[in-house]
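This note's numbering applies: residue 324 is where the sequence shown begins, and numbers increase by one. Okay, so here's the structure we're looking at.
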Amino acid sequence: MKLKSLTPIIWTKDIQSTTTFYKKLGFKINEENEDLVWTCMQNGDIEINIANPEANPDFKQPQFTGTLYFNVENADEAWEELKHNKVVYEIETFDWGMREFAIEDNNGYILQFGEAIEFDYGDED
Numbered sequence: 324m325k326l327k328s329l330t331p332i333i334w335t336k337d338i339q340s341t342t343t344f345y346k347k348l349g350f351k352i353n354e355e356n357e358d359l360v361w362t363c364m365q366n367g368d369i370e371i372n373i374a375n376p377e378a379n380p381d382f383k384q385p386q387f388t389g390t391l392y393f394n395v396e397n398a399d400e401a402w403e404e405l406k407h408n409k410v411v412y413e414i415e416t417f418d419w420g421m422r423e424f425a426i427e428d429n430n431g432y433i434l435q436f437g438e439a440i441e442f443d444y445g446d447e448d
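Encoded structure:
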């Protein structure tokens, strides 16, 4: 099996607020249905679908046990743009050669932003 792409679908009770949040990340609305039950947003090659799970009576609030990880060209610039949101962890450089930070979107989903960096591992003798 060859996979071609991955499009996350996040659930929300407030599609308008969620699309407004993701527009701040540079996403644009590609498509939405007339009843605003779902919206497809895109930023470059990244696509996210936002849906209101009206048909699921068990849906009370957004839940997700992972994160959405965005590779960015400049983590420090992204941090300056996004640090006013609810911060999960501030920008830092990790031992595995990534400079990254994490915030929450308006639903509480965790969004991580990272940039691969040159990293000096010291003596490898």
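Glycine is no exception: its CB is placed at the ideal position from the N, C-alpha and C atoms. Nothing here was measured: the structure is a model prediction, and the numbers come from that model.
Task: Rounded separation between Asn375 and Gln384 - CA only - done: Indexing the sequence shown from 1 puts residue 375 at position 52. Indexing the sequence shown from 1 puts residue 384 at position 61. Going from the Cα of Asn375 to the Cα of Gln384 covers about 11 angstroms.
Open item on the list: Helix, strand or coil, according to DSSP, for Ile440 in the structure here?
Closed with: Here residue 440 refers to the residue found at position 117 when the sequence shown is read from its first residue. DSSP places Ile440 in coil when its eight states are reduced to three.
Open item on the list: Pull the bridge partners of Val410 from the DSSP assignment, please.
Closed with: Taking the sequence shown and counting its residues from 1, the one referred to as residue 410 is at position 87. Answer is Ile426.
Open item on the list: Assuming Val410 and Ile426 are in contact, meaning their beta carbons sit under 8 angstroms apart, how far apart are those beta carbons, in whole angstroms?
Closed with: Position 87 of the sequence shown, counting from 1, holds the residue named residue 410. Position 103 of the sequence shown, counting from 1, holds the residue named residue 426. Confirmed, about 6 angstroms.
Task: Length of the line joining the Cα atoms of Gly389 and Ile373 - done: For the purposes of this step, residue 389 is identified with residue 66 of the sequence shown, where counting begins at 1. For the purposes of this step, residue 373 is identified with residue 50 of the sequence shown, where counting begins at 1. About 17 angstroms.
- [ ] Pull up the CB-CB distance for Phe344 and Asp428, whole angstroms please, since I reckon it's below 8 angstroms.
- [x] Against the sequence shown, residue 344 aligns to sequence position 21. Against the sequence shown, residue 428 aligns to sequence position 105. Yes, they are in contact, since the Cβ atoms of Phe344 and Asp428 sit about 5 angstroms apart, within 8 angstroms.
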